[in-house]
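Engineer:
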Amino acid sequence: MPGRRSGDRRTSQSRSIVDNFRRGDKIQVFSAGRQLDGNGTFIRAEGGFLVWEDNSGNRNTTSLESISVRRLRKRSC
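So the sequence shown is residues 17 to 93, counted in my numbering.
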């Protein structure tokens with residue numbers, strides 16, 4: 017298709033990983049099956065990257081092409 021690069025499709029597919037997340041959701045981020053920096057907080061997905069804050073307060077920008085993300089559910093009391 018004219019005007020469409022193959023990278024556009026990858027970004028679209030990897031972005032769908034975080035389509036159902038909302039700012040403030042508690043998450044775990046994994047790369048190659050290993051958890052990165054413990055748990056964190058979802059901020060946004062932008063330009064093929066996940067922007068999130070780890071529990072130490074560090075803001076992270078991680079490529080969506082090589083990760084998986086899991087939302088942590090709140091425990092009911």
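Note that CB positions come from ideal geometry on N, CA and C, so glycine has one too. Note that the coordinates shown come from a computational prediction; the quantities given were computed from them, not determined experimentally.
Alpha carbons only, please: which of E62, G63, N55 is nearest the one belonging to N74?
Structural biologist: The shortest C-alpha separation from N74 is found at N55.
Engineer: Assuming F37 is part of the beta strand (DSSP E), what are its boundary residues?
Structural biologist: It is not in any beta strand (DSSP E) - F37 carries neither H nor E in the DSSP assignment.
Engineer: Put S72 into one of helix, strand or coil per three-state DSSP.
Structural biologist: DSSP places S72 in coil when its eight states are reduced to three.
Engineer: Name the DSSP bridge partner or partners of E62?
Structural biologist: For E62, which the question treats as bridged, DSSP gives the partners F65.
Engineer: Contact defined as beta carbons within less than 8 Å: I believe R78 pairs with L66. What is the distance between those atoms, to the nearest angstrom?
Structural biologist: The sequence as given places Thr at residue 78; Arg does not occur at that position. Yes, T78 and L66 are in contact; Cβ-Cβ is about 5 Å, under 8 Å.
Engineer: Below 8 Å CB to CB, which residues in the same chain sit around I43 once its five sequence neighbours on both sides are set aside?
Structural biologist: Cβ neighbours of I43 beyond the five flanking positions: F37, N55, G56, T57, F58, W68, V85, R86, R87, L88.
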